[in-house]
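Going line by line, the protein sequences match chains G and V.
First residue of the first sequence? That's 1 in our numbering, and the numbers climb one at a time after it.
First residue of the second sequence? That's 1 in our numbering, and the numbers climb one at a time after it.
Data block below; observations after.
Number of protein chains: 2
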Amino acid sequence: MLDDMLDYLKDIRARPVWQPIPAPVRARFTEALPSQPSPLAQVHASFMQDILPYTVGNAHPGFFGWVHGAGTPVGMLAEMLAAGLNANLGGRDHIPIEVERQVVQWMRELFSFPDTASGLFVTGTSMANLMSVLVARVRALGADVREDGLAAAGARLVAYTSAGAHGCIAQAMDLAGLGIRALRVIPMNAQYQIDTARLEAAIVLDRDAGLQPFFVAATAGSVDVGAIDDLGAVADIAARHGLWFHVDGAYGALGMLSAVVKPLLAGIERADSIAFDFHKWGQVPYDAGFVLMRDGELHYRAFASPAAYLRRDTRGMAAGSPWPCDFGPDLSRGFRALKTWFT
Amino acid sequence: MLDDMLDYLKDIRARPVWQPIPAPVRARFTEALPSQPSPLAQVHASFMQDILPYTVGNAHPGFFGWVHGAGTPVGMLAEMLAAGLNANLGGRDHIPIEVERQVVQWMRELFSFPDTASGLFVTGTSMANLMSVLVARVRALGADVREDGLAAAGARLVAYTSAGAHGCIAQAMDLAGLGIRALRVIPMNAQYQIDTARLEAAIVLDRDAGLQPFFVAATAGSVDVGAIDDLGAVADIAARHGLWFHVDGAYGALGMLSAVVKPLLAGIERADSIAFDFHKWGQVPYDAGFVLMRDGELHYRAFASPAAYLRRDTRGMAAGSPWPCDFGPDLSRGFRALKTWFT
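Printed below as a string of structure tokens:
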């Protein structure tokens, strides 16, 4: 099976980027729940015949579009090893947690964040953006909002982003219960960046109207044209008005690894939170999103919820608190860090 | 590498379940971000020496606790194939989507849900529970809540669960902005099930007080003692009072595959939503959570948000709408379905 997969990746240039799915192949995936086990060889043959040829083609060098990463054979091997270990990165004391922590440390270095910053692997930037809104909400309203909900104190919160921003910023406002209407969509300038004069004017207007501006999401690599907002200018405005400064760097933030792109990202080191995907420019296999938070303590306070069956010990398998599950929405967590570490 | 991993799983009985991490090994994971690539053989050697021996031991037959699945070699191989394909299950027309749809169909069959029911792979039951709260919120308040937020109409929503429920139910209320205090924690009866008389009394009391009861989460397999709520009785109460009936079946719901456990789950087929993990009793490698929603149309309305760069076509690679990303918080999505399909 490993050889088949490596052969596939080696010969991928000779294959079509994408081909339509023949109706009989599609129909095979409407068969009922099997009541008996199937031999592995048969399942594998079905994979080779019915699945392998009909993928979206993002691993193909001729593929171009939708900001998909291609993955690498190294990432594939690491994912196989991770599945063999079958580690749950929610918590407890085991080395996979240290691997994730090392990647967090690397990202602190890359973005010049302090040692007290925290980070977490998540499915993707959509989730990382949502988490950033949730932590900013706790900074704006205090941890009581977790008990009391938004109905009491949340009515006045407003956020800002650019017309070029990804739709998941609006979705984050929706899912967090703040409402899409509480997100002000600021027009772009001629360089497709957020118009910073209009951003500041909108904040002042909202504040004068008795609202509570709390969050601004800048974009590093817009999905339509790849524009990078003037991060330094947005950081200045956020600092002046006490807003949380978030950078949606889904595919642009890892440009920090390139000497050419890095200067365009100046100001990103001042962010309160940065979201990005290793599965895009990082070419790590899907999925491997990441969020970095400047204030690790606040991040913890926004998500931690100790329960008796998650009792921590000071030694043994249940040691090592705080656990990754204290920093995000998931308790069972896959070992996304390993494929990133390998890549 | 594949041989190493298969050898490891074959000989796992001869190894310790868990061993403390020596300080020098732990220290190795504090090294700085490498500026040069490392040879794969060296990274692999480091994995074998520093990572493999220091995991939590849940793949070991001597491991017992915390409801971890063990995984299987078949799941591991499937995960390797999925990483090689590197499919993004967010959308477009490719066969991996059909594989996920087939698993959705299998789950409809398993739980006697209608053809109009929808389903989605997610990281785990924590996320599946949160999504169920979000869809129930849209049923209670209408899709306008996505635009307007909870401050306007959400103040009166209250939810119910048992004192034996998993902490992620309270977390779902927190993250959705409804607040943990809006979750009524109903005491358990002598069988560690939710006390249905008290549940109904609490609903009546809240309604009399002018509140809006909207959601009840029953538990199928409690995390402390494995108790299964009387799902039929909870379904009756939910129907009587117009509540969304959710089942948190994180590790119990797949008991439907066992002739012994299935009768204990009677009533689950009446749920509005069911959340569970293939990575527990299903032994699929981490992570592979799943949510099943009876009303697929409502599910779509609670999450869909078309954006221009996600334009759908009627043919070619961008066809096949609705896409999985229309049903959940993630746009980039890993191929969790394949390891489940193989297993």
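Glycine is no exception: its CB is placed at the ideal position from the N, C-alpha and C atoms.
Alpha helix (DSSP H) segment containing residue i, residue limits
i: Trp323 (chain G); result: Note, Trp323 (chain G): premise wrong, no alpha helix (DSSP H); not H, not E.
i: Gly167 (chain G); result: Gly167 to Leu175
i: Leu157 (chain G); result: Per DSSP, Leu157 (chain G) belongs to no alpha helix (DSSP H); it is in the beta strand (DSSP E), Leu157 to Ser162.
i: Ile274 (chain G); result: Taken as a continuous stretch (DSSP letters only), Ile274 (chain G) belongs to no alpha helix (DSSP H), being part of the beta strand (DSSP E) at Ser273 to Asp277.
i: Gln42 (chain G); result: Leu40 to Ser46
i: Thr196 (chain G); result: Thr196 to Asp208
i: Val25 (chain V); result: Ala23 to Arg28
Rounded separation between residue i and residue j - CA only
i: Leu243 (chain G); j: Gly255 (chain G); result: 25 Å
i: Phe63 (chain G); j: His94 (chain V); result: Here Phe63 (chain G) scores only 45 on pLDDT, less than 50, and its place in the model should not be relied on; the value that follows carries that caveat. Straight-line Cα distance between these residues: approximately 14 Å.
i: Phe278 (chain G); j: Phe290 (chain G); result: 7 Å
i: Thr116 (chain G); j: Ala259 (chain G); result: 26 Å
i: Ala152 (chain G); j: Asp174 (chain V); result: 13 Å
i: Gly119 (chain V); j: Val225 (chain V); result: 28 Å
i: Leu40 (chain V); j: Ser46 (chain V); result: 10 Å
i: His44 (chain V); j: Arg28 (chain V); result: 15 Å
i: Asp295 (chain V); j: Pro24 (chain V); result: 54 Å
i: Met107 (chain V); j: Ala32 (chain G); result: 10 Å
i: Met293 (chain V); j: Val103 (chain V); result: 14 Å
i: Glu98 (chain V); j: Asp330 (chain G); result: 26 Å
i: Val261 (chain G); j: Ala227 (chain G); result: 12 Å
i: Gln193 (chain V); j: Met127 (chain G); result: 33 Å
i: Phe121 (chain G); j: Glu109 (chain G); result: 16 Å
i: Ala288 (chain V); j: Arg240 (chain G); result: 44 Å
i: Ile186 (chain V); j: Ser112 (chain V); result: 28 Å
i: Pro34 (chain G); j: Arg101 (chain V); result: 15 Å
i: Leu183 (chain V); j: Asn189 (chain V); result: 19 Å
i: Ala159 (chain V); j: Arg207 (chain V); result: 12 Å
i: Pro20 (chain G); j: Gln105 (chain V); result: 22 Å
i: Thr161 (chain V); j: Phe214 (chain V); result: 12 Å
i: Gly65 (chain V); j: Gly149 (chain V); result: Because the pLDDT of Gly65 (chain V) is 44, which lies under 50, any placement of that residue in the model is unreliable, and the number read from its coordinates should be weighed accordingly. Cα to Cα, Gly65 (chain V) sits roughly 40 Å from Gly149 (chain V).
i: Pro263 (chain V); j: Ala253 (chain V); result: 11 Å
i: Arg26 (chain G); j: Pro114 (chain V); result: 21 Å
i: Ala308 (chain V); j: Leu205 (chain V); result: Below a pLDDT of 50, predicted positions are generally treated as unreliable, and Ala308 (chain V), at 47, falls in that range; the measurement from the model is reported next regardless. For Ala308 (chain V) and Leu205 (chain V), the distance between alpha carbons rounds to 47 Å.
i: Asp50 (chain G); j: Thr30 (chain V); result: 44 Å
Cutoff 7 Å; reference residue i; Cβ partners in own chain excluding five residues on either side
i: Arg139 (chain V); result: Trp244 and Leu298
i: Asp326 (chain G); result: Tyr300, Phe303 and Ala304
i: Ala250 (chain G); result: Thr125, His166, Gly221, Ala275, Phe276, Asp277 and Lys280
i: Ala176 (chain G); result: Leu130, Val133, Leu134 and Arg137
i: Ala143 (chain G); result: Arg301
i: Gly179 (chain G); result: Met173
i: Ala328 (chain G); result: With the sequence shown as reference, residue 328 (chain G) is identified as Gly, and Ala is not the correct amino acid for it. Only Leu120, Val122, Met131 and Phe303 meet the Cβ criterion.
i: Gly164 (chain G); result: Met188, Tyr192, Thr219, Ser222, Asp224 and Ala227
Residue-level contact to chain G via CB, residue i, 8 Å cutoff
i: Gly124 (chain V); result: yes
i: Gly142 (chain V); result: no
i: Val216 (chain V); result: no
i: Val25 (chain V); result: yes
i: Phe327 (chain V); result: no
i: Ser305 (chain V); result: yes
i: Gly62 (chain V); result: The pLDDT assigned to Gly62 (chain V) is 44, lower than 50, so where the model puts this residue is not dependable, and the model offers no usable value.
i: Pro96 (chain V); result: yes
i: Ala151 (chain V); result: yes
Nonlocal neighbours in the same chain, by C-beta distance under 8 Å from residue i, ignoring five residues either side
i: Ile237 (chain G); result: Thr196, Leu199, Glu200, Ile203, Val216 and Leu243
i: Leu231 (chain V); result: Ala218, Ala220, Val247, Leu265, Ala266, Gly267, Ile268, Arg270 and Ala271
i: Val234 (chain V); result: Ile194, Thr196, Leu199, Val216, Ala218, Phe245 and Gly267
CB contact below 8 Å: residue i versus chain V
i: Gln102 (chain G); result: yes
i: Thr196 (chain G); result: no
i: Ile268 (chain G); result: no
i: Met127 (chain G); result: yes
i: Val99 (chain G); result: yes
i: Trp106 (chain G); result: yes
i: Gly226 (chain G); result: no
Run of the beta strand (DSSP E) containing residue i, from where it starts to where it stops
i: Leu292 (chain V); result: Gly289 to Met293
i: Ile186 (chain G); result: Leu183 to Ile186
i: Tyr300 (chain G); result: Premise fails: Tyr300 (chain G) lies in the alpha helix (DSSP H), Gly296 to Phe303, not in any beta strand (DSSP E).
i: Ile268 (chain G); result: Looking at the DSSP string, Ile268 (chain G) is not in any beta strand (DSSP E), and its letter there is neither H nor E.
Same chain, Cβ closer than 6 Å to residue i, five either side skipped, listed in chain order
i: Leu141 (chain V); result: Ala153
i: Cys168 (chain G); result: Ser126 and Asn129
i: Arg156 (chain G); result: Leu211 and Gln212
Closer than 9 Å at the beta carbon, the chain C residues around residue i
i: Thr219 (chain V); result: Annotation note: the requested chain C is absent from the structure, which comprises protein chains G and V.
Just to confirm the assignment: which complete beta strand (DSSP E) runs, minimum length 3, are found wholly within the region 90-155 of chain G? 118-122
Mind listing, in chain order, the continuous alpha helix (DSSP H) runs of no fewer than 4 residues lying wholly within the region 218-251 of chain V? 231-241
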